[in-house]
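For the sequence shown, the numbering used here begins at 615 and goes up steadily by one.
Worksheet: the structure to be examined is printed underneath.
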Amino acid sequence: MLVTVPTSLDELAKYIQPFMALAGEKRWIKRLDQLAIDKDASYFRWKIVSDYHWLEMAIGFQAEVLAKEGRLRPDLVDELIMASLNFAAVTVEIHSQLSPKGRQVLEGRLRDALKAENGFAPVYLEFDLAQRLMDHGYDVEFADLEGRAQFDLLFRRGSFAGEVECKSLSADAGRSIHRKDFYRFMESIGPALTQHAELKQQEVLIVTLDSRLSSNTAEQRDLRRACETALLPEAPTTISGPGFQLLRTPFRIPLSGAMDQKTLYQYFKMEFGQNIHISGAMGEDFGCFLVMRSNREDDPSKPLLEAMRKAASQFTATRPGFIAIQEHGIEAADLMLPHVRRRMGILSYALFGHYGASHINATYVSGFGAVVLRNGLVGTPAFSIPNPQPKFSVQAADAEPFLGSDLTDQEYAEFIGAPLPTPNISFLPVEQASSAEQTD
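Have a look at this one:
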């Protein structure tokens, strides 16, 4: 299958209604109404919607613009909206070329995505990567959708053929405190937090859990009441309860207009640890924040490695295999971070060597929502970890999206407007491995 989608807004607009019809327009309306209610209910629910369901909201917003004005407006379009419109167009085109069985399976997946906690993330990864392959001139078969194999994509060009299995990982995988649960908890203590902010102080309430944060609101009752008490005027600075300890303490950093959320988050990470969640209120000269952390160490590497091992088992091992990993909750700049790349390098080399997945030629890493606009076109940046001793000898030109490189590290950093973390982010000092990553 080779499909081509337009890039102009006028042409992309034609795909909105057909795309929504694949899952059912009534289902879309019902889902969008619920997301709108959640988005407007509170800042904390808005965060959940914006983090997990940006694609649905972008499609719904553009459908409204199209209905009201008869066209899409360039001034209301950003990179995420372009990514969602492109996804809609690709999905409709792919659907039109699938077999009746494949179309039925795809429609079911889209209906499921409208109800899923992680939204369209898994389908987005598969179809975004399929389009990337087709843009490079590969013929792509949707092996899993068509029921022909356990892996997702079979791609061919000339005499070369390769297999791809896609795995979309939740931002909460392996973590003691899940993002959605944290924001729902913050919403429950929102009135107490607002009242404390009126005191115009610079304070942070540090919540340390012995283990995980329960998703059951009834089980959060003691913790919720303790936090509400700790935020009262003249409350004790320390409170302990079943499975948690609270500490309210002042902090001294300049809260000016130049202090953006990302900088503030980095400050609290340095003060209270890397695996924290933070939210609160900030004004010109005051701040009231809650930091939540757990004494149980996060282990996101375990579910990631399990997903990679599962993917490795789904290939035929008769052709080069490529595992596409999509992480939820990372930005385009995060793909340059040394610890992100080193972790993927360690896990990939463990898969290739210790677990004997020599039929895997590379792992490929991107982020859901980590998209950029380049030359007027939306793109999904990624990096790859090649297997230094693969079963199948593959040249970079044979599998360009996985083994090639469109930009140098410095060019990529300059393009997204972020500093290069280290001079050579493509070098992985992993034991018994000297192979460099490929940045795309």
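All residues carry an ideal CB built from backbone N, CA and C; glycine is no exception.
Small disclaimer: the values here were computed from a predicted structure and weren't measured.
### Query
Going along the chain, which unbroken runs of the alpha helix (DSSP H) with 4 or more residues stay wholly within the region 771-824?
793-802 and 804-811
### Message
On the DSSP letters alone, give me the boundaries of the alpha helix (DSSP H) that GLU721 sits inside.
### Response
714-729
### Task
Could you check the C-alpha separation between TYR797 and ARG659 for me, to the nearest Å?
7 Å
### Task
Return the CA-CA distance between GLU1028 and THR621, expressed in angstroms with no decimal places.
24 Å
### Query
Using the C-alpha atoms, what's the distance from ARG839 back to GLY970?
51 Å
### Task
Can you check DSSP and say which residues form a bridge with ARG826?
In DSSP, ARG826 forms no bridge with anything.
### Message
At the level of alpha carbons, what is the spacing between PRO952 and GLU945?
### Response
14 Å
### Query
Mind checking MET950: buried by the 16 CB within 10 Å criterion, or exposed?
buried
### Query
By how many angstroms is the C-alpha of ALA757 removed from the C-alpha of TYR657?
41 Å
### Task
Look up MET906 in the DSSP assignment and say whether it is helix, strand or coil.
strand
### Query
Are LEU636 and GLU721 touching if we call contact CB-CB under 8 Å?
yes
### Task
Would you check if the region 807-820 and the region 912-925 touch, i.e. whether three or more CB-CB distances between them fall below 8 Å?
no
### Distance, ASP795 Cα to SER828 Cα
8 Å
### Task
Verify whether the separation of the beta carbon atoms of PHE765 and GLU779 is less than 8 Å.
yes
### Query
With DSSP run on the structure shown, which of helix, strand or coil describes ALA1050?
Residue confidence for ALA1050 is low, a pLDDT of 35 falling below 50, so the modelled location carries little weight and cannot support an answer.
### Task
Check the C-beta distance from LEU919 over to LEU961 and give it rounded, since I have them as a contact under 8 Å.
5 Å
### For PRO1004, the first and last residue of its enclosing beta strand (DSSP E)
Element bounds for PRO1004: n/a, residue is neither H nor E.
### ALA1011 versus GLU833: straight-line alpha-carbon distance, rounded
55 Å
#### Entry: Segment contact flag, the region 890-898 with the region 923-940, C-beta cutoff 8 Å, min 3 pairs
no
### Task
For SER656, name the three-state secondary structure that DSSP assigns.
coil
### Message
Tell me the DSSP secondary structure of GLY935 in three-state form.
### Response
strand
#### Entry: Nearest candidate by alpha-carbon position, reference GLN671, set LEU845, SER972, LYS653 and ALA1032
Before going on, a small fix: residue 671 reads as Met here, not Gln. It is LYS653.
### Task
Take every Cβ of the region 775-791, pair it with every Cβ of the region 739-748, and state whether three or more of those distances are shorter than 8 Å.
yes
### Query
Taking contact to mean at least 3 C-beta pairs separated by less than 8 Å, is the region 638-645 in contact with the region 701-719?
no
#### Entry: Range covered by the alpha helix (DSSP H) that runs through VAL979
Where VAL979 is concerned, there is no enclosing alpha helix (DSSP H), although the beta strand (DSSP E) it sits in stretches over 974-982.
### Task
Decide yes or no for the touch test of the region 680-698 against the region 965-981: beta carbon pairs closer than 8 Å, at least 3 of them.
no
### Query
For ASN830, which residues from the same chain have a beta carbon less than 6 Å from its beta carbon, with the 5 sequence-adjacent residues on both sides left out?
none
### Task
Mind checking who ILE892 pairs with in its DSSP beta bridge?
VAL905
### Query
With distances taken between CB atoms, is the gap from LYS924 to SER972 smaller than 8 Å?
no
#### Entry: Sequence-distant residues of its chain with Cβ nearer than 7 Å to HIS750 (five each side left out)
GLU1014 and PRO1015
### Query
Mind checking ILE1059: buried by the 16 CB within 10 Å criterion, or exposed?
Outside the displayed span of the chain (615 to 1054) sits residue 1059, for which this structure offers no information.
### Query
So is GLN648 buried or exposed if we call it buried at 16+ other beta carbons inside 10 Å?
exposed
### Query
Which residue's Cα is closest to the Cα of GLN859: LEU616, THR843 and ALA964?
THR843
### Task
Kindly indicate which three-state DSSP category HIS709 falls into: helix, strand or coil?
helix
### Task
Would you check if the distance between the CB atom of VAL704 and the CB atom of VAL619 is smaller than 8 Å?
yes
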